[in-house]
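To convert a position in the sequence shown, counted from 1, into our numbering, add 97.
Using N, Cα and C, we set each Cβ at its ideal position, and we do this for glycine too.
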Amino acid sequence: MTAQKKRAKAYKPGRLAGENIKLKLQPWKVAALMNPLTSILDQLEQEGTIDVTGQKGVAVFRDHNDGHWYESSVAIAGVVEAFEIHEIRFGLDLHLDGLRKLGKALEYGMPVDAHQTAAARDSLKHIRAATLEMSAGYARDLIQDFQIKEALGQAREAV
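Now the structure itself:
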C-alpha cells in the first residue's frame, strides 16, 4: 500500500484569519456600532431628552462598550461619512439624510421631533442591513479609509 500525500494549503502572507467572514456572523461587532446610535434615539423618543455636558450644553452619549462619553453630533457625522464612502463604492442609497439631519440638530441644539427620530431610525435600518453584509476585512478597511479622509480634512484645515 502506498501512502497518500496530503496537500498543504499555501501560506498567504498578509491575510488575516476571519477577514472574509461576514459581520452577520459577528453580531457583537455590529452591536458595537449600532447600540450607541440606537440608545440616542431611544432616549429622545422615550424621555424627550438628550444628555449634555454641563459647561456648554453639548449633546453627548455614553458608549457602553468602553464607558467613555462622546459628542453625539460628531459620532453621528462620522458614521454618516463612513457610510457615504460605502454608498459611493457600491452605488447604494442608504437613506442617510435622516441620520445626517439628526446629527446637525444635535450639533446646533435644535429641537428634535418624532419625524426626525423616525427618519434617523430608517437610516439606521439601512446602515445595519449594509453592515451585516460586509466582511470583517472590508469593514476594517472602510474605517481606515474614513480615518484617512478625516486626517486629510484636518490637514487641509491646518494649512
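The beta strand (DSSP E) enclosing residue i, as first and last residue numbers
i: Val149; result: It is not in any beta strand (DSSP E) - Val149 carries neither H nor E in the DSSP assignment.
Residue burial classification, residue i (beta-carbon count within 10 angstroms, cutoff 16)
i: Thr292; result: Nothing can be reported for residue 292: it is not among the residues displayed for the chain, which extend from 98 to 256.
i: Phe187; result: exposed
i: Tyr108; result: Any answer about Tyr108 is weak, because its pLDDT of 46 lies below 50 and its placement is not dependable; what the coordinates show is given next. Classification of Tyr108: exposed, given that the 10 Å Cβ count is below 16.
i: Leu249; result: exposed
i: Leu191; result: buried
i: Leu189; result: exposed
i: Thr228; result: buried
i: Ala255; result: exposed
i: His183; result: buried
i: Ala226; result: exposed
i: Ala236; result: buried
Nearest to residue i (by Cα), restricted to the options the options
i: Gln140; options: Glu247, Asp210 and Asp219; result: Asp210
i: Lys246; options: Gly151, Trp166 and Phe180; result: Phe180
i: Gly154; options: Ser169, Glu116, His161 and Gly234; result: Ser169
i: Lys121; options: Glu204, Ile224 and Ala217; result: Ile224
i: Asn162; options: Ala129, Lys119, Tyr205 and Tyr235; result: Ala129
i: Ala217; options: Glu204, Met207 and Leu199; result: Leu199
i: Ile185; options: Met131, Asp242, Gly164 and His165; result: Asp242
i: Asn132; options: Lys201, Glu178, Phe158 and Leu239; result: Phe158
i: Gln244; options: Gln123, Gly175 and Val127; result: Gly175
i: Gln123; options: Ser136, Glu230 and Ala252; result: Glu230
Anticipated Cβ contact below 8 Å, residue i with residue j, distance rounded
i: Leu134; j: Thr214; result: About 11 Å separates the two Cβ atoms, so there is no contact after all.
i: Ile173; j: Leu193; result: Contact doesn't hold; Cβ gap of about 10 Å is too wide.
i: Ser232; j: Glu142; result: At roughly 33 Å, the Cβ-Cβ gap does not stay under 8 Å, so Ser232 and Glu142 are not in contact.
i: Ala156; j: Leu203; result: 4 Å
Unbroken alpha helix (DSSP H) run spanning residue i, endpoints
i: Gly250; result: Ala233 to Ala255
i: Ile224; result: Ala211 to Leu229
At 4 residues or longer, and completely inside the region 151 to 205: list those alpha helix (DSSP H) runs for me, N to C. 169 to 187 and 194 to 204
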